[in-house]
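Only one structure is covered here, and it is reproduced in the block below.
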Amino acid sequence: MDDEITYESAGVNIDAGIEAVHRMKDAVKSTYNDSVLTDIGSFGGMFKLEGGYREPVLVASIDGVGTKVKIASAMSKWDTIGADLVNHCVNDILVQGAKPLFFLDYFAASTLTPSVAADVVRGAAEACRAVGCVLIGGETAEMPGVYAEGECDVAGCIVGVVERDEIVDGSKVAVGDVAVGIASSGLHTNGYSLARKVLLEVGGLKLDKYIPEIGKVLGEELLNIHRCYYSSVSKVMKEFEIHAMAHITGGGFYENVPRVLPEDCQIIFERRSWPVPPIFHLIQQIGGISDFEMHRTFNMGIGMVLIVAKHRAVEVAQRLDELGERAWIIGEVHKGGREVTVI
Numbered sequence: 001m002d003d004e005i006t007y008e009s010a011g012v013n014i015d016a017g018i019e020a021v022h023r024m025k026d027a028v029k030s031t032y033n034d035s036v037l038t039d040i041g042s043f044g045g046m047f048k049l050e051g052g053y054r055e056p057v058l059v060a061s062i063d064g065v066g067t068k069v070k071i072a073s074a075m076s077k078w079d080t081i082g083a084d085l086v087n088h089c090v091n092d093i094l095v096q097g098a099k100p101l102f103f104l105d106y107f108a109a110s111t112l113t114p115s116v117a118a119d120v121v122r123g124a125a126e127a128c129r130a131v132g133c134v135l136i137g138g139e140t141a142e143m144p145g146v147y148a149e150g151e152c153d154v155a156g157c158i159v160g161v162v163e164r165d166e167i168v169d170g171s172k173v174a175v176g177d178v179a180v181g182i183a184s185s186g187l188h189t190n191g192y193s194l195a196r197k198v199l200l201e202v203g204g205l206k207l208d209k210y211i212p213e214i215g216k217v218l219g220e221e222l223l224n225i226h227r228c229y230y231s232s233v234s235k236v237m238k239e240f241e242i243h244a245m246a247h248i249t250g251g252g253f254y255e256n257v258p259r260v261l262p263e264d265c266q267i268i269f270e271r272r273s274w275p276v277p278p279i280f281h282l283i284q285q286i287g288g289i290s291d292f293e294m295h296r297t298f299n300m301g302i303g304m305v306l307i308v309a310k311h312r313a314v315e316v317a318q319r320l321d322e323l324g325e326r327a328w329i330i331g332e333v334h335k336g337g338r339e340v341t342v343i
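Rendered as C-alpha cells:
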C-alpha cells in the first residue's frame with residue numbers, strides 16, 4: 001500500500017526521538033552517582049537516599065522557563081535554557097533549606113529536532129553537575145497540533161532533602177529583622193512575555209542589535225542564565241541562622257516575599273539600596289511601566305532575599321560577597337499583615 005498511514009505521517013517521528021536520546025545520554029550519565037540504581041531507558045528512575053540523616057524531609061518543586069524559549073528559538077541558542085530550568089528549580093527548594101538530589105526534565109515541541117532537545121538537556125546536565133544533582137529522567141515529546149509549528153516548551157521537576165529541624169520556613173521572622181538581597185543575572189526566567197512585548201513590539205528593537213545602555217546584544221542579555229544560589233547560600237546557612245528566604249520569580253517582590261512571612265509581619269524595601277540593572281530601566285522607559293508593575297513582574301536585579309537578625313545582616317552580606325555574590329541590605333521587617341512595600 002503506497003499511502004500507508006504511519007505514526008510519522010501523523011507528525012511524530014520516533015527515529016528523531018531515538019536520535020535525541022542518543023545525543024544526550026552521555027551528558028545525562030555524567031550526572032550519575034552511587035545513589036542511582038537505574039540506567040537510561042528505565043521506566044522510572046530509582047534513587048537510594050544516602051544514610052546519615054536523622055529525620056530527612058523530601059522537598060519537591062516543578063517549574064518552567066516561560067516564554068524565554070521564544071528568545072532561545074529566535075537566537076538559535078538552546079544550551080542555556082536547560083541550565084535556566086535546573087537553576088530555577090534548585091533555588092526554589094533552596095529557600096526551604098533543601099539540598100538537591102535529582103531532577104527530571106520535559107521537552108515538548110511541534111516537531112522534534114534532536115540537536116535542539118540535546119542542547120537543552122546538555123545544559124541541564126551541566127547545571128545539575130554543578131550542584132551535585134542527578135538528572136535521573138526525562139521525557140521528550142513531539143506533539144503536532146498541540147504546539148504551533150516551530151514552537152516548544154520545557155519544564156523540570158526537582159526533589160531535594162533537608163533535615164526536619166533545619167527546614168527554613170519563615171517561622172523565626174520577627175519585627176526588626178533585615179532583608180539581604182542577592183544580585184540576579186538579569187530577568188532570570190520570569191517576565192519575558194512583558195519584556196518581549198515592550199522591547200520587540202513597542203520599542204521595535206531587534207534581538208541581534210547591540211544596545212549601548214546594557215553593553216551587549218539584546219538577545220544575549222535576555223538569555224543570561226538564571227543564577228543558581230545553592231553554592232553560596234548553602235555555605236551561609238551553615239554559618240548563620242537564616243530566618244527565611246524568598247526566590248524572586250514570577251510575581252516579583254509583591255508575590256514571593258509574603259509567602260515566607262508570618263501573618264503579623266511585613267517588609268519595607270528601599271529601592272535605592274541596590275543597583276537596578278540597565279535592562280530593567282530600558283523595559284520601564286520604553287513601556288512606560290509603573291514602579292509597582294515592574295516590581296510585581298520582574299526581580300529588578302534581586303534574585304534571592306534572605307531574612308536575618310539585624311545584628312548579623314552586615315556579616316551575612318559580606319560573607320555572600322566573599323563567596324562570589326553581590327549582596328546588599330535592602331529592607332527591614334515591620335509589624336504588619338504579610339505585605340510588601342517598595343519605597
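Note that the numbering used here gives residue 268 to position 268 of the sequence shown, counting from 1, and the numbers run on in steps of one.
For glycine and all other residues, C-beta sits at the position ideal for the given N, C-alpha and C.
As the structure is a prediction and not an experimental result, all values here were calculated from the model.
Inter-segment contact for the stretch 139-156 and the stretch 57-69 is present: three or more beta-carbon pairs are separated by less than 8 Å. Annotation for D63: H88, C89 place their beta carbon closer than 6 Å to its own, counting only its chain and skipping 5 residues before and after. With a cutoff of 9 Å on beta-carbon distance, G252 and T189 are scored as not near each other. Taking all protein chains shown into account, S61 has 16 or more neighbouring C-beta atoms within 10 Å of its C-beta and is therefore buried.
Sixteen is the threshold: since fewer than 16 other Cβ atoms of the shown chains lie within 10 Å of the Cβ of A148, the residue is exposed.
Taking the Cβ atoms as the reference, E332 lies roughly 7 Å from A179, within the contact range of under 8 Å. Within the same chain, and ignoring the five residues on either side of E55 in sequence, the residues whose Cβ sits closer than 8 Å to its Cβ are E163, R164, D165. Counting along the chain, S61 sits inside the beta strand (DSSP E) bounded by residues 56-64. The DSSP-derived three-state label of E201 is helix. According to DSSP, residue pairing for K335 in a beta bridge involves C265. Annotated three-state conformation of A174 is coil, per DSSP. Rounded to whole angstroms, the separation of the alpha carbons of G181 and L320 is 10 Å. Nearest C-alpha to G97 among E126, T111, V59, V86: V59. Note that the C-beta distance between I93 and I18 is not below 9 Å.
DSSP lists G138, G156 as the beta-bridge partner residues of D105. Separation of F102 and T113 (C-alpha to C-alpha, rounded to the nearest whole angstrom) is 26 Å.
Closest option to H243, judged by alpha-carbon separation, among I211, G301, L306: L306. A Cβ-Cβ contact shorter than 9 Å links E213 with L282. Listed in chain order, the alpha helix (DSSP H) elements of length 4 or more contained wholly in the stretch 233-305 are 252-256, 278-287, 291-297.
Within the same chain, I286 come within 6 Å of G203 by CB-CB distance, once the 5 residues on both sides are set aside. Going by C-alpha positions, N256 is about 12 Å away from I267. From the listed residues R312, E241, H226, the smallest Cα separation to H247 is found for H226. Shown here, V168 sits in coil according to DSSP, grouped into three states, outside any helix or strand. By the Cβ-count criterion, D177 is buried, with 16 or more other Cβ atoms from all chains shown falling within 10 Å of its own Cβ. Contact annotation: P275 and G215 have beta-carbon atoms that are not nearer than 9 Å.
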